[in-house]
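Asks: Residue numbers (our numbering): 521 to 1027.
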């Protein structure tokens, strides 16, 4: 690990940044010129969604009578989309429970809802992802009875809820077609009973999950088996990544498969059907390490950094909750075609942990987010308190905001912070296509009786410094396969085919 910094007394540092009055408890504490200028989206009070500028002033606000299912996004069309809690009695329960998805237009009108909650079948939870084609990935639980689980080799007396990911094509005002589906239960292995299905040597099959692996906090009696908490799409390679809190792992699967191929072990662009293409965070789960090799500790919000990012393209980020609220960045062993390098009998790399890490001081084991900004900064949010901070590559805080919205709405400046949590914070650039033609006029701070703060919007949204980096390495030829050279707004991608010939493309 190259960088590490601990901030044990976070709030004192933030107060000093603005010479704010002693009674300040919410709102903006810091906006440094090194912050990435944009608009931050967060859910406040569980129902409403707020969009603020870097000075903490509200520029838009969506109201709703439906409780949010934790996450929210702005689509390229300028609509707000988020999971919602449907309150249906389906037999599923647990942290992050939702049930459905709602879309509102810029004016707040509900333009689409979808119910993905059905007793003893499936139930949406935690997260969704909008795909480039306009379809929606839904993270959900599926269901297997106790008998089904035991017949598959699971040592449990309870039903189990494996993770499923479905792709929904919106139809009309309240409908949708399931056009793709993946279920974790189709990719299990067990080493308990050779007379039962899925029997094998766990260490020899890292592409499968041990049906009796329980990680920490996922004991054999838990129906909410792996407790997935985020899903993200990798558009350059048509892959999906998701995070499991209880297994302390993240996984990558192939979205190019058909639903039939996704339920098996053959097919798709990478020839492995719906099996794991990559996993990272806890090699002990697949018998390729011990507890000492664990990197993740109840992590959340595993995200892909797009290839065109000037310094971190092709990497993953995560919020590592149990590691003192650590922001992690790492480079996977990924080839230029999106496949992953793996040596049988070992753990997936990298083996030395995150290459960049920052300990936020957030102590919550619930939720939290970590998002890469275009300039190389990281934006973090504490789910339990609604505290947000932005950290630059030099491990310096450059933006700090405390949500002023409690369960009863905005609170007064100087009041105690109670139930001000927000599961995530998203930052959008001013030129994001979803803002085209929209009014983003600052309307003042969200909190009641705000104090005067001298804050300026720094309009430059510069990306990270120029960077040259090797993205992949050809083991056979010993040559660079994928190289990024950034200069200003032009990025060049070069391929070396190992025979002295190269191909370069600019975008």
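Glycine included, C-beta positions come from ideal geometry on N, C-alpha and C.
Bridge partners for residue 568 per DSSP, in chain order?
Replies: Position 48 of the chain shown, counted from the start, is the residue given in the question as residue 568. Answer by DSSP bridge pairing, in chain order: 564.
Asks: Would you tell me roughly how many angstroms separate the C-alpha atoms of residue 1001 and residue 922, rounded to the nearest one?
Replies: Sequence index remark: in the chain shown, residue 1001 carries index 481 (1-based). Sequence index remark: in the chain shown, residue 922 carries index 402 (1-based). In this predicted model, residue 1001 has a pLDDT of only 36, less than 50, meaning its place in the structure is not dependable; the value taken from the coordinates is given anyway. Using only the alpha carbons, I get a separation of about 44 angstroms.
Asks: For residue 669 and residue 787, I'd like the C-alpha separation in whole angstroms.
Replies: Walking along the chain shown from the start, residue 669 turns up at place 149. Walking along the chain shown from the start, residue 787 turns up at place 267. Looking at the two C-alpha atoms, the distance is approximately 26 angstroms.
Asks: Classify residue 825 as helix, strand or coil using the three-state DSSP reduction.
Replies: By one-based count along the chain shown, residue 825 stands at place 305. Coil at residue 825, not helix or strand.
Asks: Is the Cβ-Cβ distance between residue 657 and residue 746 less than 8 angstroms?
Replies: The count along the chain shown starts at 1 and reaches residue 657 at position 137. The count along the chain shown starts at 1 and reaches residue 746 at position 226. No, Cβ-Cβ distance for residue 657 and residue 746 is not below 8 angstroms.
Asks: Could you tell me the distance, in whole angstroms, from the CA atom of residue 604 to the CA atom of residue 903?
Replies: Your numbering for residue 604 matches position 84 in the chain shown. Your numbering for residue 903 matches position 383 in the chain shown. Their Cα atoms are separated by approximately 17 angstroms.
Asks: With a threshold of 8 angstroms, are at least 3 pairs of Cβ atoms found where one atom belongs to the region 588 to 596 and the other to the region 925 to 941?
Replies: No: fewer than three Cβ pairs fall under 8 angstroms.
Asks: At what residues does the alpha helix (DSSP H) containing residue 669 begin and finish?
Replies: Numbered from 1 along the chain shown, position 149 holds the residue referred to as residue 669. Note, residue 669: alpha helix (DSSP H), 666 to 671.
Asks: Within its chain, find whatever has a CB closer than 8 angstroms to the CB of residue 822; leave out the 5 residues flanking it on each side and keep chain order.
Replies: The residue you call residue 822 lines up with position 302 of the chain shown. Around residue 822: 750, 752, 761, 762, 763, 770, 836, 837 and 838.
Asks: Which residues in the same chain as residue 623 place their Cβ atom closer than 6 angstroms to its Cβ, once the five residues preceding and following it in sequence are excluded?
Replies: The residue you call residue 623 lines up with position 103 of the chain shown. So the qualifying residues of the chain are 599, 601, 631 and 632.
Asks: Helix, strand or coil: how does DSSP classify residue 786 here?
Replies: Walking along the chain shown from the start, residue 786 turns up at place 266. Correct three-state label for residue 786: coil.
Asks: Please report the residue range of the beta strand (DSSP E) in which residue 683 lies.
Replies: Counting from 1 along the chain shown, the entry for residue 683 is found at position 163. 683 to 691 is the span of the beta strand (DSSP E), which, as asked, contains residue 683.
Asks: Please classify residue 926 as buried or exposed, where buried requires at least 16 other C-beta atoms within 10 Å of its C-beta.
Replies: For the purposes of this step, residue 926 is identified with residue 406 of the chain shown, where counting begins at 1. Buried, since its Cβ has 16 or more Cβ neighbours within 10 Å.
Asks: Flag this pair as touching only if the region 872 to 887 and the region 844 to 854 have three or more C-beta atom pairs under 8 angstroms; answer yes or no.
Replies: Yes: at least three Cβ pairs fall under 8 angstroms.
Asks: To which residues does DSSP link residue 761 through a beta bridge?
Replies: Position 241 of the chain shown, counted from the start, is the residue given in the question as residue 761. In DSSP, residue 761 forms a bridge with 752 and 772.
Asks: Rounded to the nearest angstrom, how far is the Cβ of residue 683 from that of residue 704, given a contact under 8 angstroms?
Replies: Taking the first residue of the chain shown as 1, we reach residue 683 at position 163. Taking the first residue of the chain shown as 1, we reach residue 704 at position 184. With a Cβ gap of about 5 angstroms, residue 683 and residue 704 count as contacting.
Asks: Over what stretch of residues does the beta strand (DSSP E) that includes residue 950 continue unbroken?
Replies: If you number the chain shown from 1, residue 950 lands on position 430. Premise fails: residue 950 is in no beta strand (DSSP E) and is neither H nor E.
Asks: When the Cα atoms are used, what is the spatial distance from residue 948 to residue 572?
Replies: Position 428 of the chain shown, counted from the start, is the residue given in the question as residue 948. Position 52 of the chain shown, counted from the start, is the residue given in the question as residue 572. Their Cα atoms are separated by approximately 10 angstroms.
Asks: Looking at the strands, I want to know which residues DSSP matches up with residue 797.
Replies: Along the chain shown, read from residue 1 onward, the residue named residue 797 stands at position 277. Partner(s): none; residue 797 has no beta bridge.
Asks: When DSSP builds the beta bridges, which residues end up paired with residue 697?
Replies: To locate residue 697, count along the chain shown from 1; it is residue 177. Answer is 689, bridged to residue 697.
Asks: For residue 970 and residue 550, I'd like the C-alpha separation in whole angstroms.
Replies: On the chain shown, residue 970 is found 450 positions in, with the first residue counted as 1. On the chain shown, residue 550 is found 30 positions in, with the first residue counted as 1. Looking at the two C-alpha atoms, the distance is approximately 15 angstroms.
Asks: Tell me whether residue 859 is buried or exposed, calling it buried when 16 or more other Cβ atoms sit within 10 Å of its Cβ.
Replies: The residue labelled residue 859 in the question sits at position 339 within the chain shown. Residue 859 is buried by the Cβ-count criterion.
Asks: Starting from residue 863, trace the beta strand (DSSP E) in both directions and tell me its first and last residue.
Replies: Stepping through the chain shown from its first residue, residue 863 is reached at position 343. No beta strand (DSSP E) holds residue 863; DSSP gives it neither H nor E.
Asks: Tell me which residues share the same chain as residue 832 and place their Cβ nearer than 8 angstroms to its Cβ, disregarding the 5 neighbours each side in the sequence.
Replies: By 1-based counting over the chain shown, the position of residue 832 is 312. These residues qualify, in order along the chain: 825, 849, 892, 896 and 984.
Asks: Please report the distance separating the alpha-carbon of residue 579 from that of residue 950.
Replies: Along the chain shown, read from residue 1 onward, the residue named residue 579 stands at position 59. Along the chain shown, read from residue 1 onward, the residue named residue 950 stands at position 430. Whole-angstrom Cα-Cα distance: 12 angstroms.
Asks: Assuming residue 673 contacts residue 719 under a Cβ cut-off of 8 angstroms, what Cβ separation, rounded to an integer in Å, is found between them?
Replies: Numbered from its first residue, the chain shown carries residue 673 at position 153. Numbered from its first residue, the chain shown carries residue 719 at position 199. 7 angstroms between Cβ atoms; contact.
Asks: Output the distance between the C-alpha atoms of residue 721 and residue 806, rounded to the nearest integer angstrom.
Replies: In the chain shown, counting from the first residue as 1, residue 721 sits at position 201. In the chain shown, counting from the first residue as 1, residue 806 sits at position 286. Cα to Cα, residue 721 sits roughly 9 angstroms from residue 806.
Asks: Closest to residue 731 by C-alpha separation, out of 754, 707 and 715, would be which residue?
Replies: Counted from its first residue, the chain shown places residue 731 at position 211. Cα-wise, what sits closest to residue 731 is 707.
Asks: Given this structure, state the Cα-to-Cα distance separating residue 619 from residue 701, to the nearest angstrom.
Replies: For this step, residue 619 is matched to residue 99 along the chain shown. For this step, residue 701 is matched to residue 181 along the chain shown. When rounded, the distance between both Cα atoms is 17 angstroms.
Asks: Quick check on residue 621: buried or exposed, where buried means 16 or more other Cβ atoms within 10 Å of its Cβ?
Replies: As a working mapping, residue 621 is identified with position 101 in the chain shown. With 16 or more Cβ atoms within 10 Å of its Cβ, residue 621 is classed as buried.
Asks: Let me know the beta strand (DSSP E) ranges lying completely inside the region 577 to 611, each 3 residues or longer, listed in chain order.
Replies: Fully enclosed beta strand (DSSP E) runs of 3 or longer: 578 to 582 and 600 to 605.
Asks: Quick one: measure Cβ to Cβ for residue 930 and residue 968, integer angstroms, because I've assumed they're closer than 8 angstroms.
Replies: The sequence position of residue 930 within the chain shown is 410, counting from 1. The sequence position of residue 968 within the chain shown is 448, counting from 1. Sure, about 5 angstroms apart at Cβ, within 8 angstroms.
Asks: If contacts are defined as beta-carbon pairs under 8 angstroms, then residue 612 and residue 661 qualify, I think. What distance do you get, rounded to the angstrom?
Replies: Looking up residue 612 in the chain shown gives position 92. Looking up residue 661 in the chain shown gives position 141. That belief holds up - the Cβ atoms of residue 612 and residue 661 are roughly 6 angstroms apart, short of 8 angstroms.
Asks: Roughly how many angstroms separate the alpha carbons of residue 639 and residue 782, rounded to a whole number?
Replies: On the chain shown, residue 639 is found 119 positions in, with the first residue counted as 1. On the chain shown, residue 782 is found 262 positions in, with the first residue counted as 1. Those two C-alpha atoms are separated by around 23 angstroms.
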